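See structure below.
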């Protein structure tokens, strides 16, 4: 067969866009695709996840309180797997570093002065992450801030830059001198470039890996039901599919062997769905104690439905 003929056949095959591409990437364009993808998920074993790993990165959704609640349940596993530090996407400065030093020394009196919600103002997220910090320190795992995004915010159109990502990566890398480190960072920071033509900024995961560290990046889907979620977002499709299957405990999809369209990580952590809580909504009594609210069956979701009813009531 001539080379030109072979190339023509390959071009036709590529243009057909099969469900599984030549790179074995599963299509994820609708809930039906997501339901098929969920068939390959398995129970989560955090200790195994940390095997042969220096840096375990969780891609955070900053307004989702289910994520830090899940991590609260993993503290013992972190300790068992040899984790000695846990990084938060918080900008460093001398005042905050002093507070972190006090926290790591066992004094958590000033922990509430740190915005653990990463500037998103969600009280439930903030409280849950603060409790996570407390439990980590009790387990002998130090906490640290690593971000340096703030100085780049003044650059119009470039909120993140290669330099700031590399600085964050250097801080994270330094924490691996005496053990493994777990990092909670915005979802896009935790992604790999994967030779994409379009990407918003240099990713922290790539920068840490370039320093010679063994990195494992985990995307997160499921968790809080966000009524404003973009219906075709890969994470939203996974969440909706998991809801239809009455998802139980957290599960994981290994994407090192099976690539999933829209994901650029080593795995996808699928959390059980919990109700939507607006950023300005008071923390419900049923939310207490921290780490015991999943799911909140008796707490009605706040958001669009309640807002519409309020408008209707006021008009009567």
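In the numbering used here, the protein residues as written are 1327 to 1642. Glycine included, every Cβ here is placed at the ideal spot set by N, Cα and C. This structure is a prediction, so every number in the text was calculated from the model and none was measured.
Nearest-angstrom Cα separation, counted from residue 1389 out to residue 1472: Residue numbering aside, residue 1472 sits at position 146 when the chain shown is read from its first letter. Residue numbering aside, residue 1389 sits at position 63 when the chain shown is read from its first letter. Approximately 19 Å, taken between the alpha carbons.
Validate contact between the region 1560–1567 and the region 1540–1549 using beta carbons, cut 8 Å, 3 pairs: yes
Meets three-Cβ-pair contact criterion under 8 Å: the region 1451–1461 and the region 1487–1502: no
Residue 1544 vs residue 1367 beta-carbon contact at 9 Å: The residue labelled residue 1544 in the question sits at position 218 within the chain shown. The residue labelled residue 1367 in the question sits at position 41 within the chain shown. It is not a contact, given that the beta carbons lie outside the stated cut-off.
DSSP bridge partner residues for residue 1473 (one or two, in chain order): As a working mapping, residue 1473 is identified with position 147 in the chain shown. Answer is 1417, bridged to residue 1473.
Limits of the alpha helix (DSSP H) - the one that residue 1490 falls within: Here residue 1490 refers to the residue found at position 164 of the chain shown. Per DSSP, residue 1490 belongs to the alpha helix (DSSP H) from 1488–1500.
Residue range of the unbroken beta strand (DSSP E) whose run includes residue 1548: Sequence index remark: in the chain shown, residue 1548 carries index 222 (1-based). Per DSSP, residue 1548 belongs to the beta strand (DSSP E) from 1541–1550.
Per-residue burial, residue 1385 [other beta carbons within 10 Å of its own, 16 or more giving buried]: Within the chain shown, numbered from 1, the residue matching residue 1385 stands at position 59. Under this definition residue 1385 is a buried residue.
Cβ neighbours of residue 1569 in the same chain (closer than 7 Å, five flanking residues each side left out): Residue mapping note: residue 1569 aligns to position 243 of the chain shown, counting from 1. Contacts found: 1599.
DSSP three-state assignment for residue 1560, whether helix, strand or coil: Counting from 1 along the chain shown, the entry for residue 1560 is found at position 234. Three-state result, residue 1560: helix.
9 Å Cβ cutoff met for residue 1463 and residue 1413: Along the chain shown, one-based indexing puts residue 1463 at 137. Along the chain shown, one-based indexing puts residue 1413 at 87. Taking 9 Å as the Cβ cut-off, residue 1463 and residue 1413 do not qualify as a contacting pair.
Beta-carbon proximity list for residue 1379, same chain, < 8 Å, skipping 5 on both sides: For the purposes of this step, residue 1379 is taken as residue 53 along the chain shown, with counting starting at 1. 1506, 1540, 1541, 1542, listed in sequence order.
Outcome for residue 1329 when other beta-carbon atoms lying within 10 angstroms are tallied against a minimum of 16: By one-based count along the chain shown, residue 1329 stands at place 3. Note that residue 1329 scores 44 on pLDDT, short of 50, meaning its location in the model is unreliable and no value can be drawn from it.
9 Å Cβ cutoff met for residue 1403 and residue 1372: Within the chain shown, residue 1403 is the residue found at index 77, counting from 1. Within the chain shown, residue 1372 is the residue found at index 46, counting from 1. Yes.
Helix, strand or coil at residue 1518 [DSSP, three-state]: Here residue 1518 refers to the residue found at position 192 when the chain shown is read from its first residue. If DSSP states are grouped into helix, strand and coil, residue 1518 belongs with coil.
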